[in-house]
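K.L.:
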Amino acid sequence: MAAPVFSLPEGRSGADVRSPKTAELLTRRLRRMIVTGELRDGDYLPREAELMAHFGVSRPTLREAVRVLEAESLVEVRRGSRTGARIRVPGPEMVARPAGLLLAVAGTTLGEVLIARLGIEPLAAWLVADRGSDDAIEALVAALDDLTAKLAQDVSGAAVGAGFARFHEVVVEQSGNRALVVTAGMIQEILARHMATATRTHYESEPDEVQLQYRRAVRAYEKLISLVRAGEADEAERFWRRHLISANESLLRGFDAAGVIDILE
Numbered sequence: 011m012a013a014p015v016f017s018l019p020e021g022r023s024g025a026d027v028r029s030p031k032t033a034e035l036l037t038r039r040l041r042r043m044i045v046t047g048e049l050r051d052g053d054y055l056p057r058e059a060e061l062m063a064h065f066g067v068s069r070p071t072l073r074e075a076v077r078v079l080e081a082e083s084l085v086e087v088r089r090g091s092r093t094g095a096r097i098r099v100p101g102p103e104m105v106a107r108p109a110g111l112l113l114a115v116a117g118t119t120l121g122e123v124l125i126a127r128l129g130i131e132p133l134a135a136w137l138v139a140d141r142g143s144d145d146a147i148e149a150l151v152a153a154l155d156d157l158t159a160k161l162a163q164d165v166s167g168a169a170v171g172a173g174f175a176r177f178h179e180v181v182v183e184q185s186g187n188r189a190l191v192v193t194a195g196m197i198q199e200i201l202a203r204h205m206a207t208a209t210r211t212h213y214e215s216e217p218d219e220v221q222l223q224y225r226r227a228v229r230a231y232e233k234l235i236s237l238v239r240a241g242e243a244d245e246a247e248r249f250w251r252r253h254l255i256s257a258n259e260s261l262l263r264g265f266d267a268a269g270v271i272d273i274l275e
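When we follow this note's numbering, the leftmost residue of the sequence shown carries the number 11, and every step to the right adds one.
#1: Which whole runs of the alpha helix (DSSP H) in the stretch 145 to 176 are 4 residues long or more, in chain order?
#2: What distance in whole Å lies between the Cβ atoms of Glu199 and Arg107, which are believed to be in contact at a cut-off of 8 angstroms?
#3: State the beta-bridge partners of Tyr54 as determined by DSSP.
#4: Identify the continuous alpha helix (DSSP H) that holds Thr32 and give its terminal residues.
#5: Kindly indicate which three-state DSSP category Glu86 falls into: helix, strand or coil?
#6: Taking 9 angstroms as the threshold (beta carbon to beta carbon), is Leu137 in contact with chain B?
#7: When the distance is taken between beta carbons, is Ala63 closer than 9 angstroms to Val76?
#8: Does the separation of the CB atoms of Val67 and Thr32 fall below 9 angstroms?
#9: Answer with buried or exposed for Pro307, where buried requires no fewer than 16 other C-beta atoms within 10 angstroms of its C-beta.
#10: Is it buried or exposed, Gly117, if we count other Cβ atoms within 10 angstroms and call 16 or more buried?
#11: Got a sec? Which residues, its chain only, sit under 8 angstroms from Leu190 by beta carbon, not counting five neighbours each side?
#12: Under DSSP, the alpha helix (DSSP H) around Val238 begins and ends at which residues?
#13: Taking all protein chains shown into account, decide if Arg176 is buried (16 or more other Cβ within 10 angstroms of its Cβ) or exposed.
#14: I'd like the span of the alpha helix (DSSP H) that includes Phe249, first residue to last.
#15: Taking the beta carbon of Gln163 as the centre, do at least 16 other beta carbons fall within 10 Å, making it buried, or is it exposed?
#16: Return helix, strand or coil for Gly121, following the three-state DSSP convention.
#17: In chain order, what residues of the same chain lie with their CB nearer than 8 angstroms to the CB of Leu261, ignoring the 5 residues before and after it?
#18: Use the C-beta contact count for Val270: other C-beta atoms within 10 angstroms, 16 or more gives buried, fewer gives exposed.
#19: In chain order, what residues of the same chain have a beta carbon less than 8 angstroms from the beta carbon of Phe65, not counting five sequence neighbours either side?
#20: Should the stretch 248 to 267 be regarded as contacting the stretch 214 to 234, the criterion being three or more beta carbon pairs within less than 8 angstroms?
#21: Rounded to a whole number of angstroms, what is the C-alpha to C-alpha distance between Thr46 and Arg57?
#22: Taking the CB atoms as reference points, tell me whether Ala111 and Val99 lie closer together than 9 angstroms.
#23: Below 6 angstroms CB to CB, which residues in the same chain sit around Ser185 once its five sequence neighbours on both sides are set aside?
#24: Just the Cα atoms here: how many angstroms apart are Arg141 and Glu122?
This is the structure in structure tokens:
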């Protein structure tokens, strides 16, 4: 059977196909200024009167544009404040929550998320080692130092899980690939939450085994840093993939049936 043909409503014409409203044009202009860095994170927009004069728009037009930017989390408006709207440059967290919700609605499992990580972090490790920048090495060392400090204080707490998750974040952040950072950010909250839960749950049931895994993980992090220092990109990628496969087995133990919806609740 052929698909039904849409019938155009009577009484309408091309007049409904219009050019963008002034507020839409202003929104695009301000959005571009934020994206290009002309307006920087933390900057305050001038007062309404100044903006109206500068752009030649009315107050309702200006307010409509600011409302759109606020809905996009590009500006922060404090009602009753004497200052103007504050610029907020979006980070990966801007897409993390809606992405997590989408994964939950789709019935995504924890196992699927961990497999997706295998497609992201080994490549990031290759890029970090290939670049071999001092800043990247310092960031990785700092993340490892922070983790070992947490382990020295309380090996059973959620802070330890957060410390492990943070090292993985830094690996991707230091890759220098912004698309990779944003992609990883979509699942990072899921992974960070699960690492905190798994750390606490596993430690309560088998503390000796968990502490052994901690030591292995720390050695793996140290090994990755040494490969980055040596600029051995191919070996860094292979090594990090092997480590993640092993880590995934531990993270899934006892959570085989867990879905993203269970982790985000």
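Idealized CB from N, CA, C, for every residue including glycine.
Just so it is clear, the structure is predicted and the values come from calculations on it, not from any experiment.
P.N.:
So, from the listed chains and residues:
#1: none
#2: 7 angstroms
#3: Arg96
#4: 32 to 45
#5: strand
#6: The question asks about chain B, but that chain is absent: this structure has only one protein chain.
#7: no
#8: Yes, Cβ-Cβ distance for Val67 and Thr32 is below 9 angstroms.
#9: In the structure as shown, the chain starts at 11 and stops at 275, and residue 307 therefore has no counterpart that could be examined.
#10: exposed
#11: Ile130, Leu133, Ala134, Leu137, Val182
#12: 217 to 240
#13: So Arg176 counts as buried.
#14: 243 to 262
#15: It is exposed - the Cβ of Gln163 has fewer than 16 other Cβ atoms within 10 Å.
#16: helix
#17: Leu120, Leu124, His204, Met205, Ala208
#18: Buried, by the Cβ-count rule.
#19: Only Leu36, Arg39, Leu72 meet the Cβ criterion.
#20: With a cut-off of 8 angstroms, the stretch 214 to 234 and the stretch 248 to 267 count as touching, because enough Cβ pairs lie within range.
#21: 22 angstroms
#22: For the sequence presented, residue 111 should be read as Leu rather than Ala. No, the Cβ-Cβ distance between Leu111 and Val99 is not below 9 angstroms.
#23: Ala134, Leu137, Val138
#24: 30 angstroms
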